[in-house]
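Residue numbers (my numbering): 1 to 269.
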């Protein structure tokens, strides 16, 4: 049996290019699985200085293996915020060998910043952003193995006085091997402009790779003095499993990826 997983294990923290994606080829080895989910967001050019600043990171891993199986799960999250710019990064990876194992990795990062917009000074609140993500899944044996990767990037602007959600940006992606995965979902409000970027995507039964970069600007005009809050949230999940029977792992993790962000959108700032 030829292994495609060994190749992907060399891709940690790399910026995957078109050439890299197209160069994917099976390598000799043994049955194994690999899953990676990585994303980052950068905000800059805030039109107003942020007054209240807050960041949050969280990681969680699970690795269960029984002979002859072995599994490793790794998660990392970093967040940084100043009155003029902010960024965060989250990374999850799981890979296993043999049979009878389960590995999951979850990483989350959040940025919260409050701004005061006074029309007598400048009625426009604006900023620029860059979002990036990399997802990879690969299995050698589509009967006994499963690999799943998912990423959610979302940020919204709230009116602090009313708690109303004014505008949102959502980028959601997921891959599953075995199986044919889909392109990511992108939803943005009307006040986002110059939204551009690229998506590199390759998928077949045993392996899928997704690389995306989205840039843009946000601008909203206020007619009265307003306190607004920018809330950004991201989550990356990676999971692998090998069992003597087909796995229900993708369905379980899809639910856990979508629900946290949907619940957060319903919460008032």
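From the three backbone atoms N, C-alpha and C, an ideal C-beta is built for every residue, glycine too. Because the structure is a prediction, the values reported are computed rather than measured.
- Query: To which residues of the same chain is residue 188 closer than 7 Å at the C-beta, ignoring the five residues directly before and after it?
  - Reply: Taking residue 188 as the centre and dropping the five residues before and after it, the same chain places the C-beta of 169 and 195 closer than 7 Å to its C-beta, in chain order.
- What does DSSP give as the partner residues of residue 226 in its beta bridges? Looking at the DSSP assignment, residue 226 forms a beta bridge with 117.
- By how many angstroms is the C-alpha of residue 174 removed from the C-alpha of residue 49? The straight-line gap from Cα to Cα measures roughly 35 Å.
- Item | Alpha-carbon spacing of residue 162 relative to residue 146, whole angstroms | The alpha-carbon atoms of residue 162 and residue 146 are separated by roughly 45 Å.
- Starting from residue 134, follow the beta strand (DSSP E) in both directions and report where the run begins and ends. 124-139 is the span of the beta strand (DSSP E), which, as asked, contains residue 134.
- Query: Does the beta-carbon of residue 231 have 16 or more other beta-carbons within 10 angstroms, so that it is buried, or is it exposed?
  - Reply: So residue 231 counts as buried.
- Reduced DSSP secondary structure (H/G/I, E/B, other) of residue 252: Interpretation of residue 252 is limited by its pLDDT of 48, a score under 50 that renders its predicted location unreliable; the figure taken from the coordinates is listed afterwards. Three-state DSSP puts residue 252 in a helix.
- For residue 39, which option in 166, 106 and 97 has the closest C-alpha, if you only look at C-alpha atoms? It is 106 whose Cα lies nearest to the Cα of residue 39.
- residue 64 and residue 102 closer than 8 Å at C-beta: Cβ distance < 8 Å, so residue 64 and residue 102 count as in contact.
- Query: DSSP state of residue 104, grouped into three classes?
  - Reply: Three-state DSSP puts residue 104 in a strand.
- Item | Alpha-carbon to alpha-carbon, residue 198 and residue 130 | Rounded to whole angstroms, residue 130 to residue 198 spans 12 Å at the Cα level.
- Message: Just verifying my parser: in three-state terms, what is the DSSP assignment at residue 196?
- Response: Strand at residue 196.
- How about residue 75 and residue 89: do their beta carbons lie closer than 8 Å? Cβ atoms of residue 75 and residue 89: not closer than 8 Å.
- Grouping DSSP H, G and I as helix and E and B as strand, with all else coil, what is residue 2? Interpretation of residue 2 is limited by its pLDDT of 36, a score under 50 that renders its predicted location unreliable; the figure taken from the coordinates is listed afterwards. In this structure, residue 2 counts as strand in the three-state DSSP scheme.
- Query: Can the beta-carbon of residue 138 be found less than 8 Å from the beta-carbon of residue 33?
  - Reply: The Cβ-Cβ distance between residue 138 and residue 33 falls below 8 Å.
- Going by the CB atoms, is the gap between residue 128 and residue 47 shorter than 8 Å? Result no, Cβ atoms of residue 47 and residue 128 do not sit closer than 8 Å.
- Same chain, Cβ closer than 7 Å to residue 37, five either side skipped, listed in chain order: Excluding sequence neighbours, residue 37 sits near 92, 135, 149, 150, 151, 236, 237 and 238.
- Message: Taking the alpha carbon of residue 183 as the reference point, which residue from 193, 203 and 160 has its own alpha carbon closest?
- Response: Ranking 193, 203 and 160 by Cα distance to residue 183 puts 203 first.
- Message: As a quick exercise: from 132, 226, 70 and 104, pick the residue whose alpha carbon is nearest that of residue 43.
- Response: That would be 132, whose Cα lies nearest to the Cα of residue 43.
- Pair within 8 Å by beta-carbon distance, residue 113 and residue 86: Contact: yes.
- Exposure label - residue 30; buried when at least 16 CB within 10 Å: Here the model assigns residue 30 a pLDDT of 42, short of 50, so the residue's position is not dependable and the matter cannot be decided.
- Task: Taking residue 210 as the reference, give the member of 228, 185 and 72 with the closest Cα.
- Result: Residue 210 has its Cα closest to that of 185, out of 228, 185 and 72.
- Take the Cβ of residue 171 as the centre, count every other Cβ of all protein chains shown within 10 Å, and call the residue buried at 16 or more, exposed below. The residue is buried, with at least 16 neighbouring Cβ atoms inside 10 Å.
- For residue 43, name the three-state secondary structure that DSSP assigns. Three-state DSSP puts residue 43 in a strand.
- Output the distance between the C-alpha atoms of residue 51 and residue 68, rounded to the nearest integer angstrom. A direct Cα-to-Cα measurement between residue 51 and residue 68 gives close to 55 Å.
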